[in-house]
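Just so we're aligned, residue 811 is where the sequence shown starts under the working numbering, counting upward by one. Ideal Cβ placement from N, Cα and C applies to all residues, glycine included. Here the structure comes first, spelled out in structure tokens, and everything after it is commentary.
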Amino acid sequence: MDKISTIASLIISTVSLAAVAAALRFQSRQMKIAQDESMRAQHRELIAMSINDISLSQCWGGSASQESSERERQLMFANLIFSWYYSSFITEDANEAQLELNLRTFFSGDVGRQYWDQGRSGWAGLLEAAESKKKARFLAIADRAYESAAINA
811 MDKISTIASL IISTVSLAAV AAALRFQSRQ MKIAQDESMR AQHRELIAMS
861 INDISLSQCW GGSASQESSE RERQLMFANL IFSWYYSSFI TEDANEAQLE
911 LNLRTFFSGD VGRQYWDQGR SGWAGLLEAA ESKKKARFLA IADRAYESAA
961 INA
């Protein structure tokens with residue numbers, strides 16, 4: 811009887827420990843999502859400030875844009891849209907098929923294609939540095955959608 815009681819206790823302890831570990835993993839993932847959303851919100855605010863005051867766009871670095879103020883605003887807004895697609899994919903709000911459909915539509919317009927022509931290398935560098943298969947997959951889907959839209963343009 812003692813042996814059965816000990817084994818049952820061990821099984822209950824093991825199951826309880828596994829449940830705690832699963833809960834901690836879930837909580838950790840939720841915290842990461844909340845941190846990512848906070849960073850995205852800050853990014854959106856900075857872009858919005860730059861859109862509202864085009865002189866602030868030069869604070870992002872790089873050489874001064876040769877684009878008109880209107881086109882520069884459009885490209886910054888395109889960055890917000892593209893970043894939203896990225897976030898939707900990374901947080902699993904959108905699957906690969908949805909992402910590709912959204913990006914094909916995005917790249918079907920001149921602004922979307924120009925945005926990717928100018929911004930692809932920056933995104934590629936960021937996503938390579940992240941060393942994430944999912945983020946690398948995002949880049950591959952974006953490239954495929956761009957090529958498809960460019961052919962049909």
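Per-residue burial, residue i [other beta carbons within 10 Å of its own, 16 or more giving buried]
i	result
G932	exposed
L936	exposed
N962	exposed
L834	exposed
L827	exposed
Separation of residue j from residue i, as counted between CA atoms
i	j	result
A939	V825	38 angstroms
C869	Q852	15 angstroms
N906	L820	Going by the sequence as given, residue 906 is Glu instead of Asn. Rounded to whole angstroms, E906 to L820 spans 43 angstroms at the Cα level.
R854	G871	17 angstroms
D927	A831	45 angstroms
K943	T816	44 angstroms
M859	E941	31 angstroms
S848	A904	19 angstroms
Q945	D812	Per the sequence shown, residue 945 should be read as Lys rather than Gln. The alpha-carbon atoms of K945 and D812 are separated by roughly 53 angstroms.
L856	D846	15 angstroms
L909	V921	18 angstroms
D953	A934	10 angstroms
A829	F836	11 angstroms
I822	M841	28 angstroms
E877	E957	24 angstroms
Rounded distance between the beta-carbons of residue j and residue i, thought under 8 angstroms
i	j	result
I891	F916	6 angstroms
S893	E882	No, S893 and E882 are not in contact; Cβ-Cβ is about 17 angstroms, not under 8 angstroms.
F948	F899	5 angstroms
I843	T901	6 angstroms
G929	N889	7 angstroms
Y895	L911	No, Y895 and L911 are not in contact; Cβ-Cβ is about 10 angstroms, not under 8 angstroms.
Cβ-Cβ distance between residue i and residue j below 8 angstroms
i	j	result
Q923	A955	According to the sequence as given, residue 923 is Arg; it is not Gln. Not in contact: R923 and A955 (Cβ atoms no closer than 8 angstroms).
S879	I864	yes
Y925	L885	yes
R839	S897	no
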